[in-house]
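J.: Residue numbers (the numbering used here): 409 to 462. Just so it is clear, CB atoms sit at the ideal spot from N, CA and C, and this is done for glycine as well.
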């Protein structure tokens, strides 16, 4: 899996809030609106690292 494929997969997964993918971690209370905050932040960080590498 490439970095870009991983980023896309994480962004698709972040909207699965409330399913088994959601850990109900309490990191953010508006995950239901914006998707999982942990996965969203991880995808953004990975995107930044990928851009720096290029």
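Just to confirm before moving on: does the CB-CB distance between residue 457 and residue 414 stay below 8 Å?
T.: Residue 457 places its beta carbon 8 Å or farther from that of residue 414.
J.: Do residue 418 and residue 451 have their CB atoms nearer than 8 Å?
T.: yes
J.: Looking at C-alpha atoms only, which residue of 433, 423, 447, 435 is the closest neighbour of residue 441?
T.: 423
J.: Hey, quick one: how far does the alpha helix (DSSP H) through residue 410 stretch, first residue to last?
T.: From DSSP, residue 410 is part of no alpha helix (DSSP H); its letter is neither H nor E.
J.: Can you tell which of 460, 461, 447 has the C-alpha that lies nearest to the C-alpha of residue 420?
T.: Cα-wise, what sits closest to residue 420 is 447.
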